[in-house]
Amino acid sequence: MTMAGRRLLAFACSSSTPFSQTQSKSKLPLYFLSSSSFLRFFCFSRSEDATFSDKFHKWNNGGGTFHESACIDSTALVEVGAVVHSESVVGPNVRIGSGTIVGPSVTVAHSTKIGYNVALSNCCIGDSCVIHNGVSIGQDGFGFYVDDEGNMIKKPQTLNVIIGNNVEIGSNTCIDRGSWRDTVIGDNSKIDNLVQIGHNVVIGTNCLLCGQVGIAGSATIGDYVTMGGRVAVRDHVSIVSKVRLAAASFVTKDIKEPGDYGGFPAVSIHQWRRQVASRCQTRWKQESCRCCRINAKFWTFLICWNCGEVGTFYSYLRAFRLIQLVEYL
Numbered sequence: 001m002t003m004a005g006r007r008l009l010a011f012a013c014s015s016s017t018p019f020s021q022t023q024s025k026s027k028l029p030l031y032f033l034s035s036s037s038f039l040r041f042f043c044f045s046r047s048e049d050a051t052f053s054d055k056f057h058k059w060n061n062g063g064g065t066f067h068e069s070a071c072i073d074s075t076a077l078v079e080v081g082a083v084v085h086s087e088s089v090v091g092p093n094v095r096i097g098s099g100t101i102v103g104p105s106v107t108v109a110h111s112t113k114i115g116y117n118v119a120l121s122n123c124c125i126g127d128s129c130v131i132h133n134g135v136s137i138g139q140d141g142f143g144f145y146v147d148d149e150g151n152m153i154k155k156p157q158t159l160n161v162i163i164g165n166n167v168e169i170g171s172n173t174c175i176d177r178g179s180w181r182d183t184v185i186g187d188n189s190k191i192d193n194l195v196q197i198g199h200n201v202v203i204g205t206n207c208l209l210c211g212q213v214g215i216a217g218s219a220t221i222g223d224y225v226t227m228g229g230r231v232a233v234r235d236h237v238s239i240v241s242k243v244r245l246a247a248a249s250f251v252t253k254d255i256k257e258p259g260d261y262g263g264f265p266a267v268s269i270h271q272w273r274r275q276v277a278s279r280c281q282t283r284w285k286q287e288s289c290r291c292c293r294i295n296a297k298f299w300t301f302l303i304c305w306n307c308g309e310v311g312t313f314y315s316y317l318r319a320f321r322l323i324q325l326v327e328y329l
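Heads up: the sequence shown runs through residues 1 to 329, numbered per UniProt numbering.
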């Protein structure tokens, strides 16, 4: 049984027991149980002295714990160790893994699968979603401002996370709740492991986010956007629909035209390739003699006819290929 589901028991007795206890000022010991098996033993041995709160109950389908004000469909499976808090709604055919905490103000639609050790709060999850182990959804975003005295003041984070239908979220991904607008994940979007989505972010439908993508707060992502691994998106930028970003790209300003982008900062993929080829060519030229740099396009021999410098076949071939690539682009 998790900490949120542990039952607090109070006794008016002075004899020692095998259960953990604390003494209050009135010398009335307080006991708590860390396992449901202890509850059975304790109620059997000291039922005349024990009293406890009945607001949390054991769910008959799976053995999990739920609050009496929660609304859970009879077909939902809540495994042992999972806790459904007050004012939460769990739809039909939902599966909640052990160790998962469904916090207050959470709605889970039908046929959604939630893995182990997931933390949910202040969110609405659509139909047929898959939430893998260790995901955290609905926690406060990273929002602070500096006052006149130089102190960090936390901005209120009071809105929710809305996740569409058929969304899959990989392990250890974090999605923050909104401050001035809801954080939204569109239908059919797929998110890999270890992705950070900041507060107020809006992601369209059918988007694909690979591992370690980081999206700063208040960014807006269109539909059918693909982000390679370790892509970074700065705050308050907009990306139009049907954009593909190469791995390790960094988006620093709005992208207004569909297409492929890459680099740091992200530019058109053709421009990025030219930049890479130009850097490689410049680096090679710095290693060669001056006359070889002048006659780079006319090399036909392994020995420079101006200075007699001998070059390797690989270095000549590499320079020739780079020239061809730049001219092609």
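We put the CB at the ideal spot given by N, CA and C, even for glycine.
Handout entry: Buried/exposed call for residue 261, threshold 16 Cβ in 10 Å
Key = With 16 or more other Cβ atoms within 10 Å, it is buried.
Exercise for the section: Out of 57, 240, 170 and 172, state which residue places its alpha-carbon closest to the alpha-carbon of residue 203. Expected result: Comparing Cα positions, the closest option is 240.
Practice task
Please report how far the alpha carbon of residue 195 lies from the alpha carbon of residue 247, in whole angstroms.
Solution key: Approximately 14 Å, taken between the alpha carbons.
Exercise for the section: Pull up the distance between the alpha-carbon of residue 115 and that of residue 104, whole angstroms please. Expected result: 18 Å
Problem - CA-to-CA distance, residue 230 to residue 249, given in whole angstroms - result: 7 Å
Practice task
Look up residue 94 in the DSSP assignment and say whether it is helix, strand or coil.
Solution key: coil
Handout entry: DSSP-derived helix/strand/coil call for residue 119
Key = Reduced to three states, the DSSP call for residue 119 is strand.
Handout entry: Secondary structure of residue 243, DSSP reduced to three states
Key = DSSP places residue 243 in strand when its eight states are reduced to three.
Practice task
Answer yes or no: do residue 124 and residue 162 have a C-beta to C-beta separation smaller than 7 Å?
Solution key: yes
Exercise for the section: Pick helix, strand or coil for residue 110, following the three-state DSSP scheme. Expected result: coil
Handout entry: With 16 other Cβ atoms within 10 Å as the buried cut-off, status of residue 56
Key = Around the beta carbon of residue 56, 16 or more other beta carbons lie within 10 angstroms, which makes this residue buried.
Handout entry: Coarse secondary structure for residue 332, derived from DSSP in three states
Key = Residue 332 lies beyond the stretch modelled for the chain, which goes from 1 to 329, so this question has no answer here.
Handout entry: DSSP-derived helix/strand/coil call for residue 228
Key = In this structure, residue 228 counts as coil in the three-state DSSP scheme.
Practice task
Locate the beta strand (DSSP E) running through residue 66, then write down its first and last residues.
Solution key: 65-67
Exercise for the section: Name the residue from 190, 236, 257 and 228 whose alpha carbon lies nearest to the alpha carbon of residue 242. Expected result: 257
Practice task
Provide the residue span of the beta strand (DSSP E) that contains residue 154, from first to last.
Solution key: 152-154
Practice task
Give the DSSP-derived three-state secondary structure of residue 139 in the structure shown.
Solution key: DSSP places residue 139 in strand when its eight states are reduced to three.
Practice task
State the DSSP-derived secondary structure class of residue 196, mapped to helix, strand or coil.
Solution key: strand
Exercise for the section: Given a cut-off of 7 Å, decide if residue 67 and residue 85 are closer than it, judged by their beta-carbon atoms. Expected result: yes
Exercise for the section: Find the nearest neighbour of residue 173 within the set 153, 205, 64 and 214, judged by alpha-carbon distance. Expected result: 214
Handout entry: Of the residues 99, 128 and 120, the one placed nearest residue 113, counting alpha carbons only
Key = 128
Problem - Straight-line gap, residue 131 to residue 144 (C-alpha atoms, nearest Å) - result: 29 Å
Exercise for the section: Can you check DSSP and say which residues form a bridge with residue 131? Expected result: 114 and 169
Exercise for the section: Flag this pair as yes or no: are the beta carbons of residue 169 and residue 191 separated by less than 7 Å? Expected result: yes
Practice task
May I ask you to report which of helix, strand or coil DSSP gives residue 238?
Solution key: Residue 238 falls in the strand class under three-state DSSP.
Problem - Span of the beta strand (DSSP E) around residue 174 - result: Segment 174-176, the beta strand (DSSP E) holding residue 174.
Practice task
Closer than 8 Å by C-beta to residue 252: which residues in its own chain qualify, once you throw out the five before and the five after it? Chain order, please.
Solution key: 234, 237, 265 and 266
Problem - Continuous beta strand (DSSP E) stretch holding residue 162: start and end - result: 161-163
Handout entry: Residue nearest to residue 166 in terms of C-alpha spacing, selected from 78, 185, 225 and 159
Key = 185
Problem - Simplified DSSP assignment, three categories, for residue 278 - result: helix
Problem - Residue nearest to residue 216 in terms of C-alpha spacing, selected from 197, 175 and 182 - result: The option with the nearest alpha carbon to residue 216 is 197.
Practice task
Label residue 158 either buried or exposed according to how many other C-beta atoms from any shown protein chain fall within 10 Å of its C-beta, with 16 as the threshold for buried.
Solution key: exposed
Practice task
Determine the direct distance from the alpha carbon of residue 223 to that of residue 263, and round the result to whole angstroms.
Solution key: 21 Å
Practice task
Please check if any C-beta of chain D sits within less than 7 Å of the C-beta of residue 62.
Solution key: In the structure shown, chain D does not exist; there is a single protein chain.
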